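For the record, the sequence lines run as chains U and S. Using the numbering used here, the first residue of the first sequence is number 1, and each one after it goes up by one. Using the numbering used here, the first residue of the second sequence is number 116, and each one after it goes up by one.
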Amino acid sequence: ETGVTQSPTHLIKTRGQQVTLRCSSQSGHNTVSWYQQALGQGPQFIFQYYREEENGRGNFPPRFSGLQFPNYSSELNVNALELDDSALYLCASRQMTRTYNSPLHFGNGTRLTVT
Amino acid sequence: AQSVAQPEDQVNVAEGNPLTVKCTYSVSGNPYLFWYVQYPNRGLQFLLKYITGDNLVKGSYGFEAEFNKSQTSFHLKKPSALVSDSALYFCAVRDSVNNDMRFGAGTRLTVKP
Chain U
1 ETGVTQSPTH
11 LIKTRGQQVT
21 LRCSSQSGHN
31 TVSWYQQALG
41 QGPQFIFQYY
51 REEENGRGNF
61 PPRFSGLQFP
71 NYSSELNVNA
81 LELDDSALYL
91 CASRQMTRTY
101 NSPLHFGNGT
111 RLTVT
Chain S
116 AQSVAQPEDQ
126 VNVAEGNPLT
136 VKCTYSVSGN
146 PYLFWYVQYP
156 NRGLQFLLKY
166 ITGDNLVKGS
176 YGFEAEFNKS
186 QTSFHLKKPS
196 ALVSDSALYF
206 CAVRDSVNND
216 MRFGAGTRLT
226 VKP
């Protein structure tokens, strides 16, 4: 069973630039979520994709956008980077069920530093 | 909105002693509660979950959690701590409206030899 993989592991960008982070879901999972974890804090929900459509979004501005592909892999795009975007970005996948008891399976994250 | 709170930033225990990491929740409707652990420079790993049923939930690595509806708590426990249990622990609740998982701020557990 292949777990969730993210790339790159580290990234340094300049304020105002754009960034794309990538994620491959765990095999058999059809739902992918993205979280932002600032230093010393818990993960904050950015959005979730199911069947290639966004079906849930947290309190993040539109410059945070995403895609889910037919093979359930996903991208997180952030435009007009700000210093406060510096964080660990976590991708998580799960199998969507009618109940809500399926746990998230996380990748190891991408550490983004904005200077 | 659903939320969880972890009242302790840091918990220190001696190896071999029992450990408890506290979590309280605030939900409307049935709570779907989870515990995750995070090691340095890694993603979160699922430990256990409460959906319905027995109030004592058993999970990975010898951890268990006790669901208490009257106290709205879901404390993580282990009878005998190991040095390798030292990590950051997160309590979380599923928000069925937004389809997201809401995490607490985390508790850093340090187990000393």
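Every residue, glycine too, gets a C-beta built ideally from N, C-alpha and C. Only a predicted model underlies this, so the values are computations on that prediction, with no experimental measurement involved.
Proximal residues of chain U, C-beta to C-beta of residue i below 7 Å
i: residue 164 of chain S; result: 101, 103
Whole-number beta carbon distance between residue j and residue i, since they are thought to touch under 8 Å
i: residue 217 of chain S; j: residue 118 of chain S; result: 6 Å
i: residue 113 of chain U; j: residue 12 of chain U; result: 5 Å
i: residue 178 of chain S; j: residue 189 of chain S; result: About 12 Å; that fails the 8 Å criterion.
i: residue 29 of chain U; j: residue 72 of chain U; result: 6 Å
Interface residues of chain S facing residue i [CB-CB closer than 7 Å]
i: residue 109 of chain U; result: 158
Pick from the options that is closest to residue i, judged by C-alpha positions
i: residue 70 of chain U; options: U:84, U:51, U:62; result: U:51
i: residue 31 of chain U; options: U:19, U:106, U:113; result: U:106
i: residue 116 of chain S; options: S:191, S:167, S:212; result: S:212
i: residue 79 of chain U; options: U:41, U:72, U:63, U:86; result: U:63
i: residue 43 of chain U; options: U:84, U:23, U:88; result: U:88
C-beta neighbour in chain U for residue i, strict 8 Å
i: residue 205 of chain S; result: yes
i: residue 189 of chain S; result: no
i: residue 220 of chain S; result: yes
Cutoff 8 Å; reference residue i; Cβ partners in own chain excluding five residues on either side
i: residue 126 of chain S; result: 134, 135, 136, 222, 223, 224, 225
i: residue 82 of chain U; result: 15, 114
i: residue 49 of chain U; result: 31, 32, 33, 55, 66, 67, 68, 74
i: residue 153 of chain S; result: 159, 160, 202, 203, 204, 205, 221
Cβ neighbours of residue i in the same chain (closer than 6 Å, five flanking residues each side left out)
i: residue 26 of chain U; result: 3, 4, 93, 105
Chain B residues whose Cβ lies nearer than 8 Å to that of residue i
i: residue 215 of chain S; result: Absent here is chain B; the protein component of the structure consists of chains U and S.
Residues that residue i contacts on chain S, provided the C-beta gap is smaller than 9 Å
i: residue 90 of chain U; result: 158, 159
i: residue 106 of chain U; result: 151, 153, 157, 158, 159, 160, 161
Chain-ordered neighbours of residue i on chain S, where CB pairs are closer than 8 Å
i: residue 41 of chain U; result: 220, 221
Chain S within 8 Å of residue i, Cβ atoms only
i: residue 64 of chain U; result: no
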